[in-house]
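So for the sequence shown, the numbering used here puts the first residue at -10; every next one is plus one.
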Amino acid sequence: MEKNFYKTRLRNKGQITVPPEVRNALGAQEGDDLLFYNDEQGRMVVSRAQVIPPEQAWFWSAHWQRLERMAQADLEAGEVVEFDTVNEALAALDQIEADSDAED
């Protein structure tokens, strides 16, 4: 990947103008939040902040993402059961629960 350099000036109150090439590369628009962080090599990195609506935050939790990866692995391994109706699926769940209760 070709290196590109872009210059900007630090202004009063720590403000900068982000060059258009950088804004375009980030997909950033006016009003977007930008994140600055250090990577493992100590370099300063800038990225556009992804704002997650509060009602969707549960999906992006580490726990839920781990469960999503497990489900995806099961799908890819063919370890799924398909049902033709909701009633068949519910009956299968009831049977699993009954089997579990019998083991206790």
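Note that beta-carbon positions come from the ideal geometry of N, C-alpha and C, so glycine has one too.
Three-state class that DSSP yields for residue i in the structure shown
{"i": "Ser50", "result": "coil"}
{"i": "Leu24", "result": "strand"}
{"i": "Asn13", "result": "helix"}
Test item: CB-CB of residue i and residue j under 7 Å
{"i": "Asp38", "j": "Asp22", "result": "Note that residue 38 is Ala in the sequence shown here, rather than Asp. Yes; because the gap between Cβ atoms is below 7 Å, this pair is in contact."}
{"i": "Tyr(-5)", "j": "Pro8", "result": "yes"}
{"i": "Val35", "j": "Asp28", "result": "no"}
Residues near residue i in its chain [Cβ-Cβ closer than 6 Å; skip 5 each side]
{"i": "Ala17", "result": "Arg37"}
Own chain, CB closer than 7 Å to residue i, minus 5 neighbours either side, in chain order
{"i": "Trp47", "result": "Trp53"}
Identified DSSP bridge partners for residue i
{"i": "Arg37", "result": "Leu23"}
When the options are compared against residue i, the one with the closest alpha-carbon
{"i": "Asn(-7)", "options": "Thr6, Ala14, Leu(-1) and Asp93", "result": "Ala14"}
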